[in-house]
Structures are given as structure tokens and as C-alpha cells.
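Trainee:
There are 4 protein chains.
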Amino acid sequence: MLKTAVIGLGYWGPNLVRNLSKTKGVEVKYLCDLSQANLDNWKSFHGATLTTDYRDILSDPSIDAVAIATPVSTHFRLASDALNAGKHVLLEKPMALNVNECAELIRIAEDKKLVLQVDHTYLYTGAVRRIKEIVSSGELGDVLYFDSVRVNLGLFQHDVNVVWDLAPHDLSIMDYVIPHRCIAVSGSGISNFGGDLENIAFATLYFDSGVIAHINVNWLSPVKIRRIIIGGTKKMIVFNDLEPSDKLKIYDKGVDLKNSDMDGIYSTLVKYRTGDMLAPNVDGTEALKYECNHFAECIRTGARPITDGEMGMRVVALIAAINESIANDGKKIEIGVAAI
Amino acid sequence: MLKTAVIGLGYWGPNLVRNLSKTKGVEVKYLCDLSQANLDNWKSFHGATLTTDYRDILSDPSIDAVAIATPVSTHFRLASDALNAGKHVLLEKPMALNVNECAELIRIAEDKKLVLQVDHTYLYTGAVRRIKEIVSSGELGDVLYFDSVRVNLGLFQHDVNVVWDLAPHDLSIMDYVIPHRCIAVSGSGISNFGGDLENIAFATLYFDSGVIAHINVNWLSPVKIRRIIIGGTKKMIVFNDLEPSDKLKIYDKGVDLKNSDMDGIYSTLVKYRTGDMLAPNVDGTEALKYECNHFAECIRTGARPITDGEMGMRVVALIAAINESIANDGKKIEIGVAAI
Amino acid sequence: MLKTAVIGLGYWGPNLVRNLSKTKGVEVKYLCDLSQANLDNWKSFHGATLTTDYRDILSDPSIDAVAIATPVSTHFRLASDALNAGKHVLLEKPMALNVNECAELIRIAEDKKLVLQVDHTYLYTGAVRRIKEIVSSGELGDVLYFDSVRVNLGLFQHDVNVVWDLAPHDLSIMDYVIPHRCIAVSGSGISNFGGDLENIAFATLYFDSGVIAHINVNWLSPVKIRRIIIGGTKKMIVFNDLEPSDKLKIYDKGVDLKNSDMDGIYSTLVKYRTGDMLAPNVDGTEALKYECNHFAECIRTGARPITDGEMGMRVVALIAAINESIANDGKKIEIGVAAI
Amino acid sequence: MLKTAVIGLGYWGPNLVRNLSKTKGVEVKYLCDLSQANLDNWKSFHGATLTTDYRDILSDPSIDAVAIATPVSTHFRLASDALNAGKHVLLEKPMALNVNECAELIRIAEDKKLVLQVDHTYLYTGAVRRIKEIVSSGELGDVLYFDSVRVNLGLFQHDVNVVWDLAPHDLSIMDYVIPHRCIAVSGSGISNFGGDLENIAFATLYFDSGVIAHINVNWLSPVKIRRIIIGGTKKMIVFNDLEPSDKLKIYDKGVDLKNSDMDGIYSTLVKYRTGDMLAPNVDGTEALKYECNHFAECIRTGARPITDGEMGMRVVALIAAINESIANDGKKIEIGVAAI
């Protein structure tokens, strides 16, 4: 039996407790939060010790793994302490404040041969797993673009801007499904109410293959939109996460290219082609349940998690670059190979 | 009776013929196209002379006005010849290839005291006229952003990129309803199939007031989207042109700001507020019908058209700047005051 | 060249003129309407004689066929006169005022070996043709039910009720695609504003096979709905005619039956099964264009039209039975075999 | 402090436990279910005694009220025992198997001066409470019709048909918001897989005022639809419970009547009128939370619940009449005044 602890019982932590405690072969033995009020909600939770001091957990040799769902500014300290104490770590996204912190966490985990998994939950949804399969199988042909809109009337965060808050979803999905390397980004944004935390931001991401990606995140939209379009030469995908059913649609639409030599001028004719649309029935398992199983299995087998530290670091590198570009009038920022 | 001619009978010209000929006080006396085949379709059209030579029209002193719906590369020559021949001009958008051509057309029209109207049809729809009223009345509060997505599986144009093709709609609506001056743009895009004509492009537009605008145009989307969101401090608008009804929705949603001094740190708290949504019943008159009436009335009264040469030139200036930015890695391009 | 005439130039007639005149091998030689004003709109129509007297057409031996788009109360007289004069007939739906009139028209057409086609245009849409194929191929399994909603804020007709006005669409589609015989109907309805013409009506239709159908027609709905659901044991269809794309959706959903003997009680367990959804790309040809070609081809080859007099008569029989049931408190009305 | 017990911990009971235990001034002291497995799920629930014998609860004088969420066949016995034992009762819908059982429960409750509330949860949603206000205020004008569609791919119940399963929602909403008395019903339906439990059913309901209502319930629809349209002379409502937002839409559409005397024939001209649409922001409180508060308040104050025994009985009377009509070929069944 894998013995685990959950640190941080704010917005997301309770979901981790619920899912980890139902994961086969996993027990939740500690719940930790700085706030006694948050802890008090869990008084009747069976078999777990409540504590405000995470060091109680790290010093307990019976604990195998910790799930950390605290503010991002504390990720590095908590995760590095946990890894150094020999615990496997499931770490809330975004992974850390900067690429250096991410790199250090990866290094420790490798040294200690521990699992370091970043909680990019979206990648464990049936829809995104299916998108990954479709793109990998070549069914789309060559990927041409990735276009995501993630807007709603959202809580204004007071410590991070909208890129840190919303873009990790899009960037992790993009990183997972696009089989190319992002080499540069350009961003723009605005802080409508003073301060320096943007509440609206846009970013274009350039890939080594010529693929282009775009992200639109906004805390001030009157309507909620969660839509990703992935264009390929053969087929195209629309993923609308708000549809009650048929969230994922695969369009048998694309382009036909014909090289021609018209009037002595060599040119490429582009014609579009339109066919059926298929909405595959996707696995409805709760993503976090699937992810907790994956975490437990990686610990047992030593397998590398889908959302490993490297992926977590690439997402942080992209966020940092987008914010750097926003701060520099949209200047194109190269993504160093070292960073990713 | 106002005597008019239509030059160019390709995709759009027939709509001009149909609407001008039904406009009260207006007669269509000439139809002109270089292609005899195009002309042949109009053999049974009552009362108009068919010609392949537009100079026949300009030299006929009985003709008061011409509507020009030819490729953009011919706009300057045809419109300047017409104005110089003393004809009022209704000119298809985009107005011309560059700002200089636009400025020259404006100069001639002013010299000759002729109406020069650019055919930005969208501004004459009931929905956009209503948006203009709502924003002007102050109902939205301060405008915060303008976000437009205009994508579909479109015909690839062989002479212009997707910015020239689709963005004039968004840019003209933005210019019309946002009561501030755009001062800089930053663009990105891709030409997926070689050549230098982008088929996907994104642009951020910066205003002197701090408003931000964004445009997403794409010829390669499997789904058609025509959606503009305008955020204000008091209310917000969503204009979805593809809805069969209720295209325009006004959300009584916004933000409440509270200045506070927490823990000695002065800060602004932003809270959102959510209320009713109203979809006003908008005038369903065909936009081009409304526009043709407006053209005739401007000629009769000497009034300035809503979509005058200046507006046409501002749109061309923005397109040129977006394309310049795309060609320069997203570099922020200032919009000269002279240009607009 | 097939020489034709169109009688009735009100709402629908102009569509017939436009499509017949573009049909290969067909010429429109006469346009006829009692109203001189209606005729005047067609002055510039090429090559056709305008007349207010349909007998001019019937007495012209060069005319092969007539299309009749006049009020239903005149259908019998005009169509029987035309058939007796040796003209093929394309007759607007509903075919006639009652089953007897329909039967007499069928008899004359057979005697004279003329084509009698009823203008149930919907059956010539790409979507309905595709539904017919899907059901016929057995892909749905056994058909279980047909459920149609056709409501909108509609013009109140002053000579017929909502069943005569809207239900012919549903009944003709149902008749075409359901491979069973309707044996009885039960209807209900209301005339909200006095008089005896119902503006809302509902009908249940019973089939010999156990299939059930239901129709909901309403002139007083604030929203427009055009949705047909066809349930089968293996798959199910939703046809939403107002969707801009993907009007037709085939759900790989159905039921699995298991006979079981639980606790000594023989019973059938019904479990549902859910799979992918496919929205096939359907032929976008204008239905009336397709139908005019079909009419011309039936005349040339002697083939029986898809929407022949028998189908027209079955639809009239169902309308009559629904109205009889409404007038008799929803009493179940048997559909005589003779009638269909 | 009000001391309560929940009897029945199957599908719905847990929601009652969760909401009652959070209701101010209410404690849940007993949980009861025949299944020990169901009870075992509640081992860690604080402060409640678990029992398989509901008589333990009834014989405990400290218990004020019980909530019953067991199969309908047990409602009468459990509720009458509870009332006779002096407990207030919150009873799951449908209230009982027939009108006689309902009447007897009402009688006992009145004798004992106890609250008898039927759990028609829908009436406590913000949307339905708002609809009630709108209709009551006269904003719709005269109500003309009520049209509900409630279909999905549903679990086939083995003890009740689709009318018992789904129609209580529609019938209770109809009863609540339509200010007239239903006097007769006519129903139709089918049992597609043998047995006598219909899986599809339709019903028309006639009111003393001339209002008509219609219900369409179906366990075999590939798509889920939850839509109620209420038509009035001045305005119309569409309530789409599956919309993520803007579930309730009020259309300023209606009819204008003009009495006229055309050609000596007195007639009523009906013209429709179309205006804005308003989607009011409705209270998002969980309906069951609101309802539990209402139950507690009725007990404290002696007020009559919105969903009292009479309403529960009227719904049962309508279900019974619909089923009787289905069994009798759609015969119109009068609703006895005594029954309602």
C-alpha cells in the first residue's frame, strides 16, 4: 500500500484527497494546511493525521509520496524538501516560479530516483488523450496550427497575471500533442486596472517545423469559451470543452495542393476539401482519477510520468518567455534549447 | 434621378447592381466588366448599357456616380479617373493598396467636392449600428478591449494575404465603435504552403487610451466563427454574426473596483459583477440596401458618409502596419498621426 | 427541349421559375397569375409569355408540362384541367383538399400516362436523401420512433390551420423514410384566438410495425425549431435543419436487449449503448433544383417520381385524419387501406 | 434545533442528507436504509445513528421530521406511519401510487397539523421561481400554451414507465406556473421492447381557460433535451435547463389582434410582434438547499409548503390520467374536481 500525504487544502487540494484516497493501492495518511480552519473541514476524514506543519510528513519514514497543492511561490521549497526527504512528488501546476527552480527539482528527483509528476490535469482527460492519439497516428496529416481561446469572467488573481493563471492549460496541451519544438514566442497584453498583472493576454508561438500556435487568455470575458482548434493538412480538430457532449470533433476537411505552372509562373494552388465530421466517444473517466492512478503506477514501476518535470519546465519556460515579450513590446523571444 | 454605373461584375458587383437599382431616386445606367462573359449575364437587365470600357461611363456627362467593385490593385486608377471626371464614387474595400493612394483619392474628392464612400458594408448592418449607439451612449462604461475572431475554410486568394482579405471587416468595425485612436500594432502570421501570402494571422492593436484590440483571421479553420467581444467597465457585448437570431448580446457584467489599503499596501481590488443579458431586436434591413441609400443621400445633401475616405485610409494604414509587423518578427509598429 | 409553364407567382412560384428555367433541357414559356401586379414583376423575364388566364397555356399544344403553385383550394381544378389537356404536372403541396381529389388526379394521370409529381421539396434535400439511404441500408437497425418539432413565430394563415401549413413537411419525410405503414393517428390542438383554425397542434401516428411517430407544429413559438429525431435499435439520427453546418447527425447509440429469467420472472433487460457521432457531409444542391431535374427526367423516361401522386395522397390522408381527430377530442382515427 | 432523519440512501437520499445537514437549525440524527451496504457508506457521517429499521426513527420522540427517498411503492406506508407517529414529512416525488393514497396522506397531515411537503425539487430552482414571478406579474399577458420536451438516453426503469419517471418534473412546473386548472388529458406512448412500461410518451393537457399544454418524454433519445416553452399574448419564455448560462430567456414577442370586418365577414387578424430578448440573471442557489430551508421554515412557522400534499396529489392525478389515456387509445380523460 502506497502511503501518501496532501499538502495544501485550498481550492484544488480537496480534489487530490478525494481522488488519491480512492486510488487502488493508495492511502492518504496526512492532510496538511497552514490554516486550521481548512484542516477542521477534514476532522471526520478517516485514517489521516491532520497537521499544519509539513515537516511532520517529511520526517515520517512510512510516507512514500506527497501531493502538493499550495501557491506556486512555495512549490520549490516544498517539493525540494520532499524530494530530499525521499518522497515521490505530485506537484500542482505551474511547476515553479522559473526555469531554474524547475531544473533543480528535476535534478534532485533524478538523483534520488524519485517520481516527479506535475499536475497538468488536462492531459489526462479522455478528450486530450484522444487528440494525442489522433495527431500521433498521422490522421491529421502535417500539423499546421494550434489556436486556443480560454476566456471567462474570472477571479482576478493578486499574485500572478492571466498568463500564469490560464495559459498552463493551453501550453501543456500544445506541448503534449504538437510533435515539434517551440522555438520562439511573442506576446501582448494589458492590465486594465493598474498594477502590472495583465488580465488579458495574447501570444503567438513559433515552432521549428513552421507550425504556428496562438493563445488568447482573458479574465474579463462576459462569456466562457474553452476552444482549441488544431489544423492539419488532412484533417482538423475542434475541442470545445464546454459542450455537454461531443466535446471533440474531427473534421475531414483540409487542403489539396497542386503545383502548377500558369502563364510561366510556378505557383502552388491551394484548394480546400470538405467531408464528414466525427465526434468520437471519449473516455469519461475523471481526469484526476486517471492521473492519480498514473502517479501510483509510475511510483510502482519506475515509469516516467506523461507530465514529468521536463514538461512542467517547458511550460514554465514558455510562460516566462511570453511575459518577457509582453514586457518588451511584443519582441520575439527565443526559447533556449537549454531551457527545453 | 441619380444616374449611376457599376464597374466590376465579379463576386460583389451584382449585389451593388441589385441594391442600387432598387434604391429610391437611383437608376443604374451602365454595367461594366472586362469579361464579356460576365456582361452576358446581364443582357436582360433593364435600361442599362453594357460595356467593357469604363471610359465610356466617365465620358458620359449624364452619369452622376460610379460604384467600383474591382480588384484592389485597380482601385486607385479607376477611382481617381472617376473623381477627376466629376463622378461621385462608392469604392469597394479595402480602399487602395497603400496609404498614399488613399490620401490622393481623398484629396481629389475634396478638391472636386465629390462624395467618396468606401464600401465597408458591415458598418451598415443593424447590429453594428446598434453597437455604435450602445458604446456612444456610455452604456458600456469605459471600453477595455475589442476581441475579434473571423475564421473559416476560405478560398485562398492568390494576390492578397488573409489580413487584406478578412481583417478589413474587423478593423472597420473597431474603428467605428471604439472612441479612441489606435497608435500601434503588432502582428504575427504564417504562410503554411509556401509563398509569402499569410493564410493565418493575428494582430494586437494598442490605443492611446489603454484599450487593447486583437484580431484572429484564418483561411484554414474547419469551423466558421464570426465573433466580436467588446468589454467595458459596466457592460460587455458579444456579437456573433452567425447566430440565426439574437446575434447581439449585451451582458450586464463588469467589474467593481475598490481601492484598499491592506496591510499597508495600497492596492486595487477587482471584483466582477454579473447581471442580466439583453439581446436587442436589431434592424434587419440588408446592410447594402441601407448603404446605397446613405450614398444617395450623401450625394444629395453633401453630407459626409459614415465610411468616408478617411475611414477607408485608416483601415488601409492598419492593414499595412500589421503586415509590416508580421514581416518584422512582430515588431511593434507605430501608426503615424499623418496616416490617420 | 421540354416546354413548361408556371401557374401562380406568389410566394413559391418564383422559385419554380428560377429553377425550371435553369434546368437542362427545360424552357419556361408561360408565366401565369391572376394578379397583374405579380405578372408585372416578370416583364423582363426572357422568352416567356405572361398571362392571367391559365387556359391560354392548356390550349397551347407546344407546352409539355405545367408547374402549379396556387392556393390548395384551386389545385384540383387546375391540375385536372392540365392533365386532361395532356400536360405533365408538378403540383405544389399539399396536393389537394381531400383524398378523393387526390385519387381522381392520380386516376387521370394514369389514364393519360402523364407524370404527376407533388412538390414535397424537402425530400430532395441532400439531408433527407441521406436519411433515406441510412434507414434503407439497415444502419439504424429497426426503426423505433420518429419525433418532429417544427415551430416558429409564423404568419397566421387565414384559410388553413397549422397542420395543413407545417405538417406536410414532417409527414412527407416520415412517409419517405419510415419503411412501415401508418395505420392510425391521434391529434390535439388549439385555436388561441377564436375561429376554428388551430395555431398549435400535436399528433401521434401509429404504424403497423409498432413504430410511433409524433409531430409538434406551432405558429406561436418565440424560437424557431426544425428538429427530427429518428430512433433505431442500432443507431439514431438527429436532423436539425437550422444548423449552419452538420445538420445531420448519426449517433452510434442504441439499446442492447438481454432476455433474462430473474427470480423466475421472464423479463427483458434494456441497456443503452453509446458510441461515436458522425455528421456526414451531405450534398448541398438546392433541393428545388434537384427536384426540377427529377421532374424533367421522369417526363423523359416515364419513371415514377419519388414524390408521386400516391405519396401526395397519403400526406393529405394523414392531415385529414389528424384534423378529424382534433375535432373529436383526440379520438384515434384509423387510416383506411383504400386511402393509402 | 430541528432533529431529522433520512430514510432511503439510494440515488437521491444522499443529496437530502448533504443538504439537510447543512441547513441552519437542522440536524440529521438518523440515516436509514434496508441495505447494509448503503448504510456502510455513511459510517464516518458525524452524529447520526445508522439503522435498517425505520421504526427505530418513528419511535424516537426526539425526532421532529423525516425525509423519505424510497421507491414510490413504499411512500404511502412510510409517510403515513411517520405522520401517525407525529413526524413532519418531506416525501420524494411522485408522492404515491394513486390519488387515494395521496388524499389519505393529506388527511392525516391535516389531522395531526404536520407539514407534508413533496420533494418536487425543480420548483425551488432560481429559474422556475423566476418563471413563476414573471407569469404571476402578468408580464406574459394571457398564457396560451406550455410545451415541454424532456428526452435523453435514460436508464430503463423496471417498475415504472417513462411518464412516472420523467413527467413529474414537467407536470409540477406546469401546475406551479400556469394559473389555470387542468381539466382533461390525452396521452399516447409506446413500449418498444415488450412489456407494458412505455419508454416514450406524449400527452396533451387541456385547461379550463383554453390553455393547452404538451409533454414529450422519452428514454431513447440520442440527445438530451430539457426545454420548456411558455407562450403568452405579450411575451414568451424559453427555459433550456441544459444551457451552461442564460437558461431562461424572455422574448418580447407576441401577437397583436385586430378585429376587423373584411368583406362583410367579421374576423380576427393575428399579427406577430417581435422585440428584444432578455435572459435574466437567476439565483444560482442549489434547489435542494433552498427547499430544505423552506421545509424547516414551514415546520417552524406552520406555513404551507409551496409543494404541499395537494400539489403532489395533482401531479399524481395527472400521471394516472395520462396513463389511463395511453391505455385507452388516447381517449380524453377528464380530471375530476375531487381529485384536484
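Line by line, the protein sequences give chains A, B, C and D. Position 116 (the first sequence) corresponds to 116 in the working numbering; numbering is contiguous. Positions in the second sequence are counted from 1; adding 340 to them yields the working numbering. Positions in the third sequence are counted from 1; adding 680 to them yields the working numbering. Positions in the fourth sequence are counted from 1; adding 1020 to them yields the working numbering. All C-beta atoms in this analysis are idealised placements derived from N, C-alpha and C, irrespective of residue type, glycine included.
By a C-beta neighbour count over all protein chains shown, 10 Å radius and 16 as the cutoff for buried, is GLN1056 of chain D buried or exposed?
Mentor: Its Cβ having fewer than 16 others within 10 Å, GLN1056 of chain D is exposed.
Trainee: Return the CA-CA distance between ASN1260 of chain D and MET916 of chain C, expressed in angstroms with no decimal places.
Mentor: Approximately 22 angstroms between the Cα atoms of the pair.
Trainee: If you compare alpha carbons, which of C:MET775, C:HIS974, C:ILE1013 and C:ILE979 is closest to LEU885 of chain C?
Mentor: Nearest C-alpha to LEU885 of chain C: C:ILE1013.
Trainee: State the start and end residues of the unbroken beta strand (DSSP E) segment that holds ALA728 of chain C.
Mentor: Counting along the chain, ALA728 of chain C falls outside any beta strand (DSSP E), and DSSP gives it neither H nor E.
Trainee: Could you tell me the boundaries of the beta strand (DSSP E) in which PHE975 of chain C lies?
Mentor: It is not in any beta strand (DSSP E) - PHE975 of chain C instead sits in the alpha helix (DSSP H) that spans 967-981.
Trainee: Please check the pair SER852 of chain C and SER1005 of chain C, which I expect to be a contact at CB under 8 angstroms, by giving their CB distance rounded to whole angstroms.
Mentor: So it is not a contact: roughly 19 angstroms between Cβ atoms.
Trainee: Whose Cβ in chain A lies nearer than 7 angstroms to the Cβ of LEU1262 of chain D?
Mentor: By Cβ distance, chain A contributes PRO244.
Trainee: Give the residues of chain B in contact with HIS726 of chain C, contact being defined as C-beta atoms less than 9 angstroms apart.
Mentor: Correct list: LYS383 and SER384.
Trainee: Taking the alpha carbon of ASN532 of chain B as the reference point, which residue from A:GLY231, A:LEU20, A:ARG273 and A:CYS292 has its own alpha carbon closest?
Mentor: The residue with the shortest Cα to Cα distance from ASN532 of chain B is A:GLY231.
Trainee: Is it a yes or a no for the stretch 1229-1240 of chain D touching the stretch 1151-1170 of chain D, going by three-plus beta-carbon pairs under 8 angstroms?
Mentor: Taking 8 angstroms as the limit for Cβ pairs, the verdict is that the stretch 1151-1170 of chain D does touch the stretch 1229-1240 of chain D.
Trainee: Can you give the beta carbon distance from ALA765 of chain C to LEU696 of chain C, rounded, assuming they're within the 8 angstroms contact cut?
Mentor: Incorrect: roughly 19 angstroms between the Cβ atoms, too far for contact.
Trainee: How long is the line joining the alpha carbons of ALA985 of chain D and LEU730 of chain C, rounded to whole angstroms?
Mentor: In the structure as shown, chain D begins at 1021 and stops at 1360. Residue 985 of chain D is therefore absent and cannot be evaluated.
Trainee: Identify the residues that DSSP records as bridge partners of LEU937 of chain C: which are they?
Mentor: LEU937 of chain C is bridged to C:VAL950.
Trainee: Alpha carbon to alpha carbon, how far is PHE416 of chain B from LYS969 of chain C?
Mentor: Using only the alpha carbons, I get a separation of about 41 angstroms.
Trainee: Between which two residues does the alpha helix (DSSP H) containing ILE1006 of chain C stretch?
Mentor: From DSSP, the alpha helix (DSSP H) with ILE1006 of chain C extends over 989-1007.
Trainee: Could you tell me the alpha carbon to alpha carbon distance between PRO1034 of chain D and ASP623 of chain B, rounded to whole angstroms?
Mentor: Near 52 angstroms, if we compare the C-alpha coordinates of ASP623 of chain B and PRO1034 of chain D.
Trainee: When the Cα atoms are used, what is the spatial distance from TYR606 of chain B to ILE569 of chain B?
Mentor: In this prediction, TYR606 of chain B has a pLDDT of 47, which is less than 50 and means its spatial position is unreliable; nothing more can be read from the coordinates.
Trainee: Assess contact between the stretch 17-33 of chain A and the stretch 291-303 of chain A, defined as three or more Cβ pairs (one per stretch) separated by less than 8 angstroms. Is contact present?
Mentor: As far as the Cβ criterion goes, the stretch 17-33 of chain A touches the stretch 291-303 of chain A, which means the pair count is three or higher.
Trainee: Could you tell me if PRO401 of chain B is buried or exposed, where buried requires 16 or more neighbouring beta carbons within 10 angstroms of its beta carbon?
Mentor: PRO401 of chain B should be labelled exposed.
Trainee: Select from the stretch 607-624 of chain B all residues with a C-beta closer than 7 angstroms to any C-beta belonging to chain A, and list them in chain order.
Mentor: The residues in question are THR608, VAL610, TYR612 and THR614.
Trainee: With C-beta atoms as the reference, is VAL831 of chain C less than 7 angstroms away from ASN898 of chain C?
Mentor: Yes; because the gap between Cβ atoms is below 7 angstroms, this pair is in contact.
Trainee: Taking only runs of the beta strand (DSSP E) that begin and end inside the stretch 82-146 of chain A, which ones reach a length of at least 3 residues, in chain order?
Mentor: Those beta strand (DSSP E) runs which fall completely within the stretch 82-146 of chain A and span 3+ residues are 88-92 and 116-119.
Trainee: Can you tell me which of the three DSSP states LYS3 of chain A falls into?
Mentor: In the structure shown, LYS3 of chain A sits in a strand (DSSP, three-state: E or B).
Trainee: Is the Cβ-Cβ distance between ALA321 of chain B and VAL502 of chain B less than 7 angstroms?
Mentor: The question about residue 321 of chain B has no answer, for chain B in this structure spans 341 to 680.
Trainee: Exposed or buried, which one is TYR1142 of chain D when buried takes at least 16 other CB atoms within 10 Å?
Mentor: Buried: at least 16 other Cβ atoms inside 10 Å.
Trainee: Buried or exposed for THR1024 of chain D, please, with buried defined as at least 16 other CB atoms from any protein chain shown within 10 angstroms of its CB.
Mentor: THR1024 of chain D should be labelled buried.
Trainee: May I have the straight-line CA-CA distance separating LEU1175 of chain D from VAL1258 of chain D, to the nearest angstrom?
Mentor: Roughly 27 angstroms separates the two Cα atoms.
Trainee: Just to confirm before moving on: does the CB-CB distance between THR392 of chain B and GLY348 of chain B stay below 7 angstroms?
Mentor: Contact: no.
Trainee: Between which two residues does the alpha helix (DSSP H) containing ARG1038 of chain D stretch?
Mentor: First-last of the alpha helix (DSSP H) with ARG1038 of chain D: 1033-1042.
Trainee: So VAL412 of chain B packs on ALA436 of chain B, CB below 8 angstroms; how close in whole Å?
Mentor: Yes, they are in contact, since the Cβ atoms of VAL412 of chain B and ALA436 of chain B sit about 7 angstroms apart, within 8 angstroms.
Trainee: Let me know the secondary structure DSSP gives VAL160 of chain A once reduced to three states.
Mentor: Correct three-state label for VAL160 of chain A: coil.
Trainee: Let me know the secondary structure DSSP gives PHE416 of chain B once reduced to three states.
Mentor: The answer is helix: DSSP assigns PHE416 of chain B an H, G or I state.
Trainee: Can you list the residues of chain A that ASN355 of chain B reaches, using a CB-CB cut of under 8 angstroms?
Mentor: What ASN355 of chain B touches in chain A: nothing, since even the nearest Cβ is about 24 angstroms away.
Trainee: Can you have a look at ALA661 of chain B and say buried or exposed, based on whether 16 or more other CB atoms are within 10 angstroms of its CB?
Mentor: Label assigned to ALA661 of chain B: buried.
Trainee: I'd like to know if the stretch 442-460 of chain B and the stretch 641-654 of chain B are in contact, where contact means that at least 3 CB-CB pairs between them fall below 8 angstroms.
Mentor: The answer is yes - the stretch 641-654 of chain B touches the stretch 442-460 of chain B, with three or more Cβ pairs under 8 angstroms.
Trainee: So which residues of chain D does VAL843 of chain C contact, with C-beta pairs closer than 7 angstroms?
Mentor: By Cβ distance, chain D contributes nothing, its closest Cβ being about 14 angstroms from VAL843 of chain C, past 7 angstroms.
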